[in-house]
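What follows is one structure encoded as structure tokens, with my remarks underneath.
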Amino acid sequence: MKLLAQIGRYFLLMKRAFSRPEKFSVLYRQTMREMEKTGINSFSIVVIISLFVGAVITIQTNYNIENPLLPNYLIGVTVRDSLLLEFSSTMVALILAGKVGSSIASELGMMRVTEQIDAMEVMGINSASYLILPKMIATVLFFPVLCLLSIIVGLAGGYFSCVLGDVIPPSDFIEGIQYGFRPYYISYALTKTAFYAFIITSVSSYFGYYVVGGAVEVGKSSTRAVVQSSILILMANLILTRTILQ
Amino acid sequence: MIEVKNLYKSYDGEFVLNDVSARFEQGKCNLIIGRSGSGKTVLLKSIAGLLEVDEGEIWYNDHKFSHLDTNAKQHIRKEMGVLFQGAALFDSLTVEENVLFPLDMLTSQNKKEKLDRINFCLERVKVSGSNSLYPAELSGGMRKRVAIARAIALNPRYLLCDEPNSGLDPETGIVIDNLIRELTEEFNMTTIVNSHDMNSVLEIGDKIIFIYQGCKCWEGTRQEILQTNNEALNNFVFATNMAKQIKNQ
Numbered sequence: 405m406k407l408l409a410q411i412g413r414y415f416l417l418m419k420r421a422f423s424r425p426e427k428f429s430v431l432y433r434q435t436m437r438e439m440e441k442t443g444i445n446s447f448s449i450v451v452i453i454s455l456f457v458g459a460v461i462t463i464q465t466n467y468n469i470e471n472p473l474l475p476n477y478l479i480g481v482t483v484r485d486s487l488l489l490e491f492s493s494t495m496v497a498l499i500l501a502g503k504v505g506s507s508i509a510s511e512l513g514m515m516r517v518t519e520q521i522d523a524m525e526v527m528g529i530n531s532a533s534y535l536i537l538p539k540m541i542a543t544v545l546f547f548p549v550l551c552l553l554s555i556i557v558g559l560a561g562g563y564f565s566c567v568l569g570d571v572i573p574p575s576d577f578i579e580g581i582q583y584g585f586r587p588y589y590i591s592y593a594l595t596k597t598a599f600y601a602f603i604i605t606s607v608s609s610y611f612g613y614y615v616v617g618g619a620v621e622v623g624k625s626s627t628r629a630v631v632q633s634s635i636l637i638l639m640a641n642l643i644l645t646r647t648i649l650q
Numbered sequence: 009m010i011e012v013k014n015l016y017k018s019y020d021g022e023f024v025l026n027d028v029s030a031r032f033e034q035g036k037c038n039l040i041i042g043r044s045g046s047g048k049t050v051l052l053k054s055i056a057g058l059l060e061v062d063e064g065e066i067w068y069n070d071h072k073f074s075h076l077d078t079n080a081k082q083h084i085r086k087e088m089g090v091l092f093q094g095a096a097l098f099d100s101l102t103v104e105e106n107v108l109f110p111l112d113m114l115t116s117q118n119k120k121e122k123l124d125r126i127n128f129c130l131e132r133v134k135v136s137g138s139n140s141l142y143p144a145e146l147s148g149g150m151r152k153r154v155a156i157a158r159a160i161a162l163n164p165r166y167l168l169c170d171e172p173n174s175g176l177d178p179e180t181g182i183v184i185d186n187l188i189r190e191l192t193e194e195f196n197m198t199t200i201v202n203s204h205d206m207n208s209v210l211e212i213g214d215k216i217i218f219i220y221q222g223c224k225c226w227e228g229t230r231q232e233i234l235q236t237n238n239e240a241l242n243n244f245v246f247a248t249n250m251a252k253q254i255k256n257q
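This is the structure we're talking about:
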């Protein structure tokens, strides 16, 4: 019953968040701010993680398929597909759930406990729309950019490991990442990322918006937001993979 | 004028407000007083529409606020200024942006008009010159002043203040109280102030309502409060031994 009530409250919050904003100029300004806060500020973590993971996948793939009968370029193919199909969308989303999700939940939670959300409400402003909608638009538009960045940097990481670590000849790696390339995989990764962005933002906003209590509860809601977002991302991954790749 | 009629509000079957009726006059400072946990904040938040009451009516002049739909409530809320206990300034915005916020969201004024209004409000509460500071850089008294400036930015007809001088020293508290009284008279607002501070009661209480265990226990003026025989009120007003001795003399 409690779960049903929570789901109902989540959808009611989404309904309020997606209602007509007070002013489109304010929505635009807030969305740009959120893009900077949630998107641009996540560049460094995405770059660092993708670079190292790309390199590690290359080394591990080479280690696992060290067979003279298999051509070297297959390593490039495997790294590319691993990044495109799973890492740069799902794994990056899980990382962003930790970084962006906890930030959203704690920001809204603090606003709730310090009565800033109440202050908006008594002014006659739809606080859900003002606070949550720009975050949704910003993440749904910007996380796919981060996904693309992750793919590029991950492949660069793989390439560098070939150059610096002498894993396979770099030309074989380049050949591999071009071999049998299906552009559809990119749209698949970007579509998944957009869904994940929605999950991260809406779930984290929900947990932050309805905090009751003080600093301890804000911390708890932030943790809950990350855990629930991560579980939902994994469930969505299964559903989207079944649906899109069928 | 704001009027509440037979308000009931309960949590887990326990009444926090029990048949509270009161009338808050325009152009006056109406005080709700009572011990911590007596139901003052619940009453004020119910009046502001932040809490739904179980039963009863809340009237803003001719509008039955408690029975309006969300859109209609929004219209009345735009005529409402609320000062929260902790000021509730937006952390990520500067002083100027905090006062600009309601103007930006709810009016179609041009940039110059908004800036003039911001400067007027900040000057009126005597915090001009701190436009670019963030709330974290302000003292408690200044935060309250900025919160008042934000509350009056839209020329409200109703001003609701929840313990405006909590956390302030008595002198600064009186300054804030007097500011609220001056603004009430200047803009002819209906002002409701929640307080458990006797300095406020004696300084600005044009009309006082005493809430005791969720019920309205007494109603009167600041002159009458010192002569009342109401035991619960006397225990509240003359809480210290020294005050009791003075009363008995």
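Residue numbers (the numbering used here), protein chains in the order written: chain C, 405 to 650; chain F, 9 to 257.
The C-beta atom is built at its ideal place from N, Cα and C for all residues, glycine as well.
- With a threshold of 9 Å between beta carbons, Gln117(F) makes no contact with chain C.
- Each residue's CA atom was taken as its position, placing Glu121(F) and Ile156(F) some 19 Å apart.
- If you check each beta-carbon in the stretch 508 to 542 of chain C against every beta-carbon of chain F, the ones closer than 7 Å belong to Thr518, Glu519, Gln520, Asp522, Ala523, Glu525, Val526, Met527, Gly528, Ile529.
- With a threshold of 16 other beta carbon atoms within 10 Å, Lys72(F) falls short and is exposed.
- Contact between the stretch 11 to 21 of chain F and the stretch 181 to 198 of chain F is absent, with fewer than three C-beta pairs closer than 8 Å.
- For His71(F), the pairing in a beta bridge is given by DSSP as Tyr68(F).
- Approximately 6 Å separates the beta-carbon atoms of Ser203(F) and Leu39(F); this is inside 8 Å, confirming the contact.
- The three-state secondary structure of Tyr142(F), taken from DSSP, is coil.
- The beta carbon of Lys427(C) sits closer than 9 Å to some beta carbon of chain F.
- For chain F, none of the residues of the stretch 450 to 483 of chain C brings a beta carbon within less than 9 Å of one of its beta carbons.
- In the DSSP assignment, Tyr614(C) falls outside any alpha helix (DSSP H) and carries neither an H nor an E.
- Between the stretch 632 to 650 of chain C and the stretch 159 to 175 of chain F, the count of C-beta pairs closer than 8 Å stays below three; the two stretches do not touch.
- A check of alpha carbon separations from Asn256(F) across Gly175(F), Gln235(F), Phe244(F) identifies Gln235(F) as the nearest.
- Judged by DSSP in its simplified three-state form, Lys86(F) adopts coil rather than helix or strand.
- Where Asp170(F) is concerned, the enclosing beta strand (DSSP E) starts and stops at 166 to 170.
- Look at Asp62(F) here: in three-state DSSP terms it is coil, with no helix or strand label.
- For Val430(C), the C-beta contacts it makes with chain F under 9 Å involve Asp112, Met113, in order along the chain.
- Less than 9 Å divides the Cβ of Leu167(F) from the Cβ of Thr199(F).
- Under the 10 Å beta carbon count, Leu25(F) is surrounded by 16 or more other beta carbons and is classified as buried.
- Straight-line measurement puts the Cα of Ser633(C) at about 23 Å from the Cα of Ile590(C).
- Taking all protein chains in view, the Cβ of Ser454(C) is crowded by 16 or more other Cβ atoms within 10 Å, so the residue is classified as buried.
- Note that the C-beta distance between Gly213(F) and Ile182(F) is not below 9 Å.
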